[in-house]
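Trainee: First residue of the sequence shown: 12, per this note's numbering; consecutive thereafter.
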Amino acid sequence: MSDAQSLIELIPRLRRYSRALVGDRATADDLVQDTLERAWSKLHLYRQGTDLRAWLFTVMHNVHVNRVRAARPTESIEDQMPELAQRATQGDGLLVRDLERGLAALPVAQREVLLLVALEDLSYDETARALGIPIGTVMSRLARARDKLRVLMYGKGGSKLQVVK
Numbered sequence: 012m013s014d015a016q017s018l019i020e021l022i023p024r025l026r027r028y029s030r031a032l033v034g035d036r037a038t039a040d041d042l043v044q045d046t047l048e049r050a051w052s053k054l055h056l057y058r059q060g061t062d063l064r065a066w067l068f069t070v071m072h073n074v075h076v077n078r079v080r081a082a083r084p085t086e087s088i089e090d091q092m093p094e095l096a097q098r099a100t101q102g103d104g105l106l107v108r109d110l111e112r113g114l115a116a117l118p119v120a121q122r123e124v125l126l127l128v129a130l131e132d133l134s135y136d137e138t139a140r141a142l143g144i145p146i147g148t149v150m151s152r153l154a155r156a157r158d159k160l161r162v163l164m165y166g167k168g169g170s171k172l173q174v175v176k
């Protein structure tokens, strides 16, 4: 099936999603048209074998977000709005420091897996392929890294923060 035919078959789903997203039929149809235009011009970025529908919904979401951002009022409303209460942030620096020390204390293999899964949001399968290890090893290293980091940061009971030296 050609790329054009695949795109055409997904138009009803795109229309349904865009109507739910924006509420107005005309605006929704414009969103679908802009989405298809952008998708067609960026089709070379689509990875064959992945879900075209999900990719198109991502393109639509990005087009919609760009429209919303462009339509934002340029006037500042800060003068009109009361100041909202904010949580205290004094301890954030200490938590980050403790986290950095805890990560540094992990074995390299565990730290790699933890960072790829938790920070880079890779799936276990993607992490396994990236590191050239079996998926079971990824899960094992991740579990051990999380457990060790939890002990390093919160102690054995897991209830209070401990300073990592």
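Quick reminder that beta carbons are idealized off the backbone N, C-alpha and C, glycines included.
#1: Is Leu67 near Ala50, with beta carbons less than 8 Å apart?
#2: Below 8 Å, can you find three or more Cβ-Cβ pairs linking the segment 139-146 to the segment 105-113?
#3: On the DSSP letters alone, give me the boundaries of the alpha helix (DSSP H) that Val107 sits inside.
#4: Is Pro23 helix, strand or coil by DSSP?
#5: According to the Cβ coordinates, are Arg24 and Arg64 closer than 8 Å?
#6: Which one of Pro84, Gln97, Leu18 has the shortest CA to CA distance from Lys53?
#7: Given Thr46, which residues of its chain have a CB within under 8 Å of its CB, disregarding the five upstream and five downstream residues?
#8: Would you mind listing the alpha helix (DSSP H) stretches within the segment 39-71 that are 4+ residues and don't spill past its ends, in chain order?
#9: Under a three-way DSSP split, which group does Lys159 fall into?
#10: What first and last residue would you give for the alpha helix (DSSP H) that runs through Leu142?
#11: Tell me whether Ala15 is buried or exposed, calling it buried when 16 or more other Cβ atoms sit within 10 Å of its Cβ.
#12: If you drop the 5 nearest sequence neighbours on each side, which residues of the same chain put their C-beta closer than 8 Å to that of Asp136?
#13: Grab the span of the alpha helix (DSSP H) containing Val128 for me, first residue to last.
#14: When the distance is taken between beta carbons, is Thr138 closer than 8 Å to Val124?
#15: To which residues of the same chain is Ala39 closer than 6 Å at the C-beta, ignoring the five residues directly before and after it?
#16: Pop quiz: Arg155 and Gln121 are said to be a contact at Cβ under 8 Å. What is the actual Cβ separation, rounded to whole angstroms?
#17: According to DSSP, is Gln173 part of a helix, a strand, or is it coil?
Mentor: In short, the structure shows the following:
#1: yes
#2: no
#3: 103-116
#4: helix
#5: yes
#6: Leu18
#7: Leu25, Ser29, Leu67, Val70, Met71, Val74
#8: none
#9: helix
#10: 135-142
#11: exposed
#12: Ile146
#13: Looking at the DSSP string, Val128 is not in any alpha helix (DSSP H), and its letter there is neither H nor E.
#14: yes
#15: Ser29, Arg30, Val33
#16: 6 Å
#17: Because the pLDDT of Gln173 is 48, which lies under 50, any placement of that residue in the model is unreliable, and the number read from its coordinates should be weighed accordingly. Of the three classes helix, strand and coil, the one that applies to Gln173 here is coil, per DSSP.
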